[in-house]
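>
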Amino acid sequence: MKTNSRLTSGFSVRRRIPALVAVALITMAGWVAGAPANTVVIRLATVAPDRSVWVKALRDAAADVAKVTEGRVQLKIYAGGVQGDEQTVLRKMRVGQLQGAAFMGQGVRLFCADATVLQLPLMFRTEEEFDQTLKDLDADLRVAARENQAEILAWTRQGFAYLYSRKEVADLGGLRQTKPWLVPDDGFSETLYRVAAVTGVSIPISDVLTGLQSGLLDTVYAPPLAMIALQWHSRVSYKLDLGLAYSTGAVVLTSESWNKISAADRPKVQEVFSRRVEEMNALVRKQNEEAETVMAKQVQTVKPTDAAVAEFRQVSETLVKQLTGQAFSEAIAKKFEASLARQREKK
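Here the numbering used here is used: the first residue of the sequence shown is 90, the next is one more, and so on.
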């Protein structure tokens, strides 16, 4: 059966027009969004407050990455917890809504359980001990992260976290009489509080300031700079002069998004984040000291007795025994202990 070539030709053209329009719209959408079709766009979230030293470093890194890759890799930063708490951010990374995060604490433990050893209470005596221990464990932790489909670009330092309260707290007994903040749905924190026989108030980090203002809670823990950045310092009166734990975070991308970056561009992206975060870490240490000076005008420092410190250390030792082989591997625990032992033998 012969067909009318003019009719079939017209039908074919009519079918192609919508397809061509669709392609054109998709192409235009890519340019409207600010990135050509072959650009790798990384949406990266953090709970760190906007305009803080942490977010400034991320935005500077984003600008540098766009420059050194000639626009082939672009980062969009979501600050101040607008994408949710760290658990929510990690869930969004797993389903592809986000491609990266700058975790400040809990998130690090969620994507890399072995990194929990870095956040154990009363483990480090100095900043230098933390730096060397992280250097010794870095390769193992990066491998562990990759097993969870995550790529660590850099480790961030927030500094030693202290206990701050509206009440004078000098020991565990005093802490048990307060209403301390507890990170929601965090097995590590829950175990710590249980071992210490402390009852916490579980609310998201975004609600802590309101909780302090309303009296829902009266005690928090954080490094000095974070206290000011989050405005918690305005609602506390006392600081326990004991570095409870070293607060560390990480800038992380999903392995899927990392692998989308060309082999030629990956070293450039890595170099930018290593450099910018190293600069930021140095600045954070300086600003922690400045924050201490600022808060000293309104926050009274409480010196713990030797007996009080010993009681806190007993809690830490019990916690480590319970978490080893559960929250983190025995292998990383041994390397962690060996690193500290080597450093202290030299002193």
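Using N, Cα and C, we set each Cβ at its ideal position, and we do this for glycine too.
For Arg433, count the other beta carbons within 10 Å of its own beta carbon; 16 or more makes it buried, fewer makes it exposed. Which is it?
Exposed, because fewer than 16 other Cβ atoms sit within 10 Å of the Cβ of Arg433.
> Keeping to the same chain, check which residues put their C-beta closer than 8 angstroms to that of Trp347; ignore five residues upstream and five downstream.
Glu240, Arg355
> Which residue or residues does DSSP assign as beta-bridge partners of Val361?
BP columns for Val361 are empty, so no partner.
> Between Ala385, Val361, Ala397, which has its C-alpha nearest Leu147's C-alpha?
Among Ala385, Val361, Ala397, the Cα nearest to that of Leu147 belongs to Val361.
> On a Cα-Cα basis, can you pick out the residue from Pro273, Arg365, Ser303, Thr394 that is closest to Gly173?
When only C-alpha atoms are compared, the closest one is Pro273.
> Would you call the region 155 to 169 and the region 371 to 387 touching, i.e. three or more CB-CB distances under 8 angstroms?
no
> Using the C-alpha atoms, what's the distance from Thr128 back to Ala113?
A caution first: Ala113 carries a pLDDT of 40, below 50, which makes its placement in the model too unreliable to give a value.
> Should the region 303 to 320 be called in touch with the region 239 to 256, which here means at least 3 C-beta pairs below 8 angstroms?
Cβ pair count under 8 angstroms is three or more, so yes.
> Would you mind sorting Glu257 into buried or exposed? The rule is 16 or more other CB atoms within 10 Å of its CB.
exposed
> Would Val388 be called buried (16 or more neighbouring beta carbons within 10 Å of its own) or exposed?
buried
> Less than 8 angstroms between the beta carbons of Leu209 and Leu333, yes or no?
no
> Within 10 Å of its beta-carbon, does Thr394 have 16 or more other beta-carbons around it, so buried, or fewer, so exposed?
exposed
> Who are the Cβ neighbours of Val284 in its own chain at under 8 angstroms, not counting the five residues just before and after it?
Val404, Thr407, Leu408, Gln411
> Among Arg235, Val197, Lys328, which has the Cα closest to the Cα of Ala259?
Lys328
> Provide the residue span of the beta strand (DSSP E) that contains Leu242, from first to last.
239 to 254
> With 16 as the cutoff for other CB atoms within 10 Å, does Thr382 come out buried or exposed?
exposed
> So which of Arg235, Ala204, Phe213, Leu211 has the shortest CA-CA distance to Leu483?
The chain is shown from 90 up to 436; residue 483 falls before or after that span and cannot be answered.
> In the structure shown, what three-state DSSP assignment does Thr409 receive?
Looking at the sequence shown, residue 409 is not Thr but Val. Correct three-state label for Val409: helix.
> Contact defined as beta carbons within less than 8 angstroms: I believe Ala202 pairs with Leu133. What is the distance between those atoms, to the nearest angstrom?
The pair is not a contact, with the Cβ atoms about 22 angstroms apart (cut-off 8 angstroms).
> Expressed to the nearest angstrom, what Euclidean distance is found between the alpha-carbon atoms of Thr267 and Tyr335?
22 angstroms
> How many angstroms separate the CA atom of Ala371 from the CA atom of Lys357?
22 angstroms
> Is there a Cβ from chain D that is less than 8 angstroms from the Cβ of Gln221?
Here there is only one protein chain, and chain D is not present.
> If you follow the alpha helix (DSSP H) that Ile421 is in, where does it begin and where does it stop?
For Ile421, the enclosing alpha helix (DSSP H) has its first and last residue at 419 to 434.
> Please confirm whether Glu339 and Val197 have their CB atoms less than 8 angstroms apart.
It should be pointed out that residue 339 corresponds to Ala in this sequence rather than to Glu. It is a contact, given that the beta carbons lie within the stated cut-off.
> Look up Val184 in the DSSP assignment and say whether it is helix, strand or coil.
It is coil, neither helix nor strand.
> Which word fits Val184, buried or exposed, when buried means at least 16 other C-beta atoms lie within 10 angstroms of its C-beta?
exposed
> Helix, strand or coil for Arg265? Go by DSSP, reduced to three states.
coil
> For Asp330, which of helix, strand or coil comes out of DSSP?
strand
> For Gln221, name the three-state secondary structure that DSSP assigns.
helix
> Can you tell me whether DSSP reads Phe100 as helix, strand or coil?
Because the pLDDT of Phe100 is 32, which lies under 50, any placement of that residue in the model is unreliable, and the number read from its coordinates should be weighed accordingly. If DSSP states are grouped into helix, strand and coil, Phe100 belongs with the helices.
> Could you check the C-alpha separation between Trp244 and Lys392 for me, to the nearest Å?
Spanning the alpha carbons of Trp244 and Lys392 requires a straight line of approximately 31 angstroms.
> Just grab the DSSP bridge partners of Leu342 for me.
Gly189, Glu240
> Mind checking who Leu133 pairs with in its DSSP beta bridge?
Ile166, Gly189
> In three-state DSSP terms, what is Gln389?
strand
> Quick one: what's got a C-beta closer than 8 angstroms to Gly276's C-beta in the same chain, skipping five residues either side?
Ala416
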